[in-house]
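In this note's numbering, the protein residues as written are 267 to 659. Idealized CB from N, CA, C, for every residue including glycine. To keep things clear, I will list the structure first and then write my remarks on it.
Take a look at the structure:
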């Protein structure tokens, strides 16, 4: 029999929709796939070469459970370079994980006891709720509003905190909305967390994919005192088009990082050694490829969001970061999963329905797709919306 804690934990809906789209492609259908949660660019050449070099020099053995020292130092240096004084981490305050999701899992496992509560803003990334539940804690949802560009309300957080509240999860830029939390709200949230002794788990995996004139700030920049109660989670997957390499990291108080490392030593052990050396090259090498990717993502964002907003029945806020468009389909008078199913079956367009993110009124487009693909999708949607369909079911 399956353990009780796994009841209600299903596979990621983003992966399920992508699998459905791939199945249609195998049948020869010209599906336009907007489900991807990963950049469509290749991993930069110098990173690939570093992996080959690691293999050729036999760097293929076990490493320390927390990752090689050189990579942990590079992460600390990169955080200081980007976040500035007085934000400084030492290697013992950094650990390398098997992707950022693994870092989130480790953090929640070591922080939470049964009966604890974890505050999560809605819409939320699909894995937050299962990760909290698997840690024995209860997710407590705090709704953000589209008309406020999905900004968190500190007063709502204050009202939601109870004696059982252990942590607050932040995600800026957000998956799925692309919202970047405003600095004054970060400051207010940090002050709340410190005053109420609540840990902050800050998921910053998209923090380098931000589109000018927007800019992103970390909670530890806005309030350096928050470092004592914050676990930063990040990785190389999105910034460097390295999703399959599975390298994420956490930075935080040494006692928390020590506990996460102990947990990891009895589960996955170290992340893949070859990937660690590739990540080292990513963080210490030329960042020109990152800038090129951000520029291209911004072109695609503008084209997709402007195109969606020109279509009857659809509306979409302009995301400031990440590579997702959170499209409101409520005027189609059907839940998002029904809309997504019809689009896939009738227009051969694959999107992710919003139910898995906490909204039945939205679907998520990934603009990790070419401008040509975006153009084709907008044309197909226009044709589909012009059909005399009175109801979606």
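- The DSSP assignment places complete alpha helix (DSSP H) segments of no fewer than 4 residues inside the region 598 to 647 at 602 to 608, in order along the chain.
- Nearest C-alpha to residue 590 among 292, 350 and 300: 300.
- The C-alpha of residue 349 lies about 48 Å from the C-alpha of residue 293.
- For residue 460, the enclosing alpha helix (DSSP H) stretches over residues 449 to 462.
- In the DSSP annotation of this structure, residue 379 is not part of any beta strand (DSSP E), being labelled neither H nor E.
- Residue 400 sits close to residue 275, with the two beta carbons spaced by under 8 Å.
- Shown here, residue 278 sits in coil according to DSSP, grouped into three states, outside any helix or strand.
- Between residue 479 and the set 395, 543, 443 and 587, the nearest pair of CA atoms involves 587.
- A direct Cα-Cα distance of roughly 15 Å separates residue 585 from residue 418.
- Between residue 465 and residue 432, the C-beta spacing is below 8 Å.
- Within the same chain, and ignoring the five residues on either side of residue 564 in sequence, the residues whose Cβ sits closer than 7 Å to its Cβ are 477.
- When the Cα atoms are used, residue 507 and residue 454 turn out to be separated by approximately 33 Å.
- Along the region 385 to 430, the alpha helix (DSSP H) occurs as fully enclosed runs of 4 or more residues at 394 to 400 and 420 to 426, listed in sequence order.
- For residue 306, the secondary structure class from DSSP, reduced to helix, strand or coil, is coil.
- Setting aside the 5 residues that flank it on each side, residue 559 is surrounded in the same chain by 307, each with a C-beta closer than 6 Å to its C-beta; the list follows chain order.
- Among the bridge pairs identified by DSSP, residue 436 is matched with 468.
- If you ignore the 5 residues before and after residue 482, its C-beta comes within less than 7 Å of the C-beta of 438, 439, 446, 473, 476 and 587, all in its own chain and listed in chain order.
- Close CB contacts of residue 581 within its chain, under the 8 Å cut and outside five residues either way in sequence, are with 574, 575, 593, 594 and 597 (chain order).
- When the beta-carbon positions are compared, residue 342 and residue 546 stay at least 8 Å from each other.
- Around the C-beta of residue 512, 16 or more other C-beta atoms lie within 10 Å, and the residue is accordingly described as buried.
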